[in-house]
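Residue numbers are given in this note's numbering: position 494 of the sequence shown equals residue 474, and the series is strictly consecutive. Shown next, in structure tokens, is the structure this report addresses.
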Amino acid sequence: MNLELTGNYRHSALTDFLASNNISAAQIQEDHQRRLREAEQQAATEGAGNTAEEEYEDDTNETPEQKKKRKRQETVALAKIKQSKEFARRKSRRVGEPDDDEDHIAREMMHEKSRPMPGQLENCEVCSKRFTVTPYSKTGPNGGLLCAKCSKEVADGEKKNKAKKRGPRTGRRQNQSNLLDGIAQHGALSLVELCTRKVADNINDIEEFGDLPSSLLHRLSQILSKRRVLTPRTLNLFLRPDLRSIDIYDCGKLETDDFQKIFAFMPSLTHVNLRFAGQMKDKVFEYMVDRDLKIKHLQLDAANLVSDASWKQLFQKVESQLESLKLSNLDFSFDDNTVEEMCKYCSGLQRLKLKQCWKTGDNSLRAISTLNSLEHLSLNFVQETNGDNLVEIIARLGPNLRTLSLEGFCDADDRLLENIHHQCRSLSKLRLSDNAVCSDRGFVGLFQGWLNSPLEYVDLSSTRDVDNSNPDGPTDAIGLASQGFIALMNHSGSKIHTLKIPSCRHISHDAFEEVFSEGKSYPHLKELDVSFQTVMDDYLVGCIFRCCPAIKKLVAFACFNVRGVRVPMGVALIGGLKAQDPMIVEGEF
């Protein structure tokens, strides 16, 4: 009794809802039946073989206006179909066949579009089975519809015919990036390198590195920094209390608290290398001073939010324990007064590098000359300085220096080269670049009879005359020219492994030919940069490969006569007119 009452109640509620919204169940049923009858009549008409054009022509009930309108709509529909990709494919398949007429193909495609509506019954084109049409029913080869079973078989066949995807391949962009890094990789990478890159690829899924050695952590830091994915989260993976060093080459996404966290989690740090540290501020330095850290090697880049007062406090705290200091790209702080404080308290400095420090000048040079324990000195100032101060530095510190790098000191002249010749006896690296005052005669005097052992690293980039009205230079050549280059290779050719002489445009073709002539050998030379040497050609490059059996990287930008030289296996040739082509081939010279 209760069930019957409930059913009546539901029936009454549904009837009231339909009635209130003017919905008639009988009308819905009647419309459905009418659509089915119309579809059956249409199918019967098409099965009789009457085309749409003939039906329209035989329709005597059409008025001239209706017929004109129908013709116009049909023309528009056919034109739209002819612009489709499917029409182009069908036309290309039927070339040379009797039914390759464009209008015939377009009308055929138009008739195919008048397929039965979902919910109607249709016969499968393949198996002739009767089925109900759905929105997902597929079209067969001849334009008919397919049942679910035949549709699945057709889809499976299409998948099998698709070409298999190729595995990941190293693209041209990655190859060129490797070449710029001097990497000419052949064969598979080492297992350690593959594992390290795999870890870097899935860095967001890693919770900790475990007990990875420092060398692998360093490599991971390089890869992640290059990909710019070092974030506060990934930084936590490198923070281990037992480590004594940290190298982060891209701190651009780190905040001030992240720098403070480094020194909080790693109290045993002695080596700190943080690049692009734009968010390092005074409170980080204050925390370093309060923690009484034992930092011996400090390298910071772009730490422009640290004030001079904080720098002075740090130098007063670390005093003589600081052995190495490398600072670069400082334009807000670190002036001459701060450098004087550094030299006063950090008298035990053995390595000093100041690059692109905008506020340092002559007073800084005079203060640096008092650091008698310096063995490695690298300077690149923005302000113009007096050449006498550089001469004074060499006179005082020259005997102890093992590496010397001076970039952009425009006023340095031959007196500097003369002092290096007389004072320096232990140099293994020499850089003197971006200078247009030192003469070729000065370079000859530096290298001829120099009691210093052969240099291993030489960079004399852009030492040349810059008078554009006289591209050949004066009679007394300015910068490294032919005779200076010959003297350099006679002195250091037996030990040199890196040589950079780009833009030394006064070195002649004969000088290169003499240095790299048959019978001469430079067994340790691995990297050579001769960019913007207009005399360099295929013959000279071939001579270089012959005389340098250990060479791995040759940079030849803007050497327009280097066109089709054969490059030995494992050598990276960067530059030349065909730099866009694969330039690593097997050959012997």
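Here a beta-carbon is modelled for each residue, glycine too, at the ideal position from N, C-alpha and C.
Buried or exposed: which applies to residue i, given that a residue is buried once 16 or more other Cβ atoms fall within 10 Å of its Cβ?
i, result
"Y116", "exposed"
"C175", "exposed"
"R485", "buried"
"P121", "exposed"
"Q463", "buried"
"D39", "The pLDDT assigned to D39 is 48, lower than 50, so where the model puts this residue is not dependable, and the model offers no usable value."
"C337", "buried"
"K65", "exposed"
"D(-4)", "exposed"
"F189", "exposed"
"I400", "buried"
"E507", "buried"
"G137", "exposed"
"T31", "Reliability of the predicted coordinates at T31 is poor, the pLDDT of 43 falling under 50, and no value is obtained from them."
Looking at the unbroken alpha helix (DSSP H) that takes in residue i, where does it start and where does it end?
i, result
"S385", "That residue, S385, is in no alpha helix (DSSP H); its beta strand (DSSP E) goes T383 to E387."
"I400", "D394 to Q403"
"D637", "Look at the range of the chain in this structure, -19 to 569, and you will see that residue 637 is not part of it."
"V535", "No alpha helix (DSSP H) contains V535, which is instead part of the beta strand (DSSP E) from K533 to A536."
"D316", "D316 to Y325"
"K409", "Looking at the DSSP string, K409 is not in any alpha helix (DSSP H); the run it does join, the beta strand (DSSP E), is K409 to S413."
"K306", "K306 -> not in any alpha helix (DSSP H); beta strand (DSSP E) instead, spanning S304 to L310."
"N369", "G367 to L377"
"D445", "That residue, D445, is in no alpha helix (DSSP H); it is neither H nor E in DSSP."
"Q463", "S462 to S472"
"A57", "P44 to K62"
"D518", "D518 to C527"
"G570", "Given a span of -19 to 569 for the chain in the structure shown, any question on residue 570 remains unanswerable."
"K423", "The amino acid occupying residue 423 in the given sequence is Phe; Lys does not appear at that position. Where F423 is concerned, the enclosing alpha helix (DSSP H) stretches over D420 to F427."
"F67", "K65 to R73"
Tell me which residues share the same chain as residue i and place their Cβ nearer than 8 angstroms to its Cβ, disregarding the 5 neighbours each side in the sequence.
i, result
"A282", "R255, F256, A257, G258, S308, N309 and L310"
"H504", "E436, S474, K475, I476, H477 and A530"
"R207", "A180"
"G27", "With a pLDDT of 47 at G27, under the threshold of 50, the modelled position of this residue cannot be trusted, and the question is left open."
"L604", "In the structure as shown, the chain begins at -19 and stops at 569. Residue 604 is therefore absent and cannot be evaluated."
With distances taken Cα to Cα, identify the nearest neighbour of residue i among the options.
i, options, result
"A86", "L101, T55 and V113", "T55"
"N369", "W291, H356 and L386", "L386"
"D439", "R421, I186, G388 and R15", "G388"
"C211", "G328, N184 and P193", "Looking at the sequence shown, residue 211 is not Cys but Thr. Answer by Cα proximity: N184."
"T236", "D227, K261 and G555", "K261"
"K532", "D227, V547 and L217", "V547"
"A538", "C528, I554 and V545", "I554"
"R14", "S442, Q46, M516 and G99", "G99"
"E398", "R382, T383 and G425", "G425"
"R213", "R271, E187 and L197", "E187"
"S483", "M89, E82 and T443", "T443"
"Q202", "D227, L215 and D222", "D227"
"V510", "N541, K60, S497 and G499", "N541"
"V298", "N284, L273 and N317", "L273"
"M268", "L357, Q53, I242 and N284", "I242"
"D447", "F423, R421, A461 and A416", "A416"
"A536", "S501, L479 and K500", "L479"
"L534", "L520, R543, A552 and D270", "A552"
Over the uninterrupted beta strand (DSSP E) stretch that includes residue i, give me the two end residues.
i, result
"T112", "R110 to T112"
"Y437", "Y437 to D439"
"K480", "T478 to K480"
"H277", "H277 to D281"
"A572", "With the chain covering -19 to 569 only, the question about residue 572 has no answer from this structure."
"N103", "L101 to N103"
"F492", "No beta strand (DSSP E) contains F492, which is instead part of the alpha helix (DSSP H) from H489 to V495."
"E507", "E507 to D509"
"L357", "H356 to F361"
"R331", "R331 to C337"
To which residues of the same chain is residue i closer than 6 angstroms at the C-beta, ignoring the five residues directly before and after it?
i, result
"F569", "Residue placement at F569 is poorly supported in this model, since its pLDDT is 39, which falls under 50; the coordinates still yield a value, given next. Taken in chain order, the residues that qualify are G522, F525 and R526."
"F295", "E321, M322, Y325 and C326"
"V362", "W338"
"H277", "H251 and S304"
"L377", "L354"
"G328", "S300 and S353"
"S290", "D262 and F265"
Indicate whether at least one CB of chain C lies closer than 7 angstroms to the CB of residue i.
i, result
"C390", "The structure shown contains no chain C; it is built from a single protein chain."
Beta-carbon within less than 7 angstroms of residue i's beta-carbon, same chain only, minus the 5 sequence neighbours each way: which residues are those?
i, result
"T350", "C323"
"R110", "L101 and N103"
"I466", "A491, E494 and V495"
"S472", "P434, L435 and V438"
"V286", "M260, K261, D262, F265 and S313"
"D342", "T365, N366 and N369"
Could you pull out every unbroken beta strand (DSSP E) segment of at least 3 residues lying fully inside the segment 180 to 267, listed in chain order?
Here the runs fully enclosed are 225 to 228 and 251 to 254.
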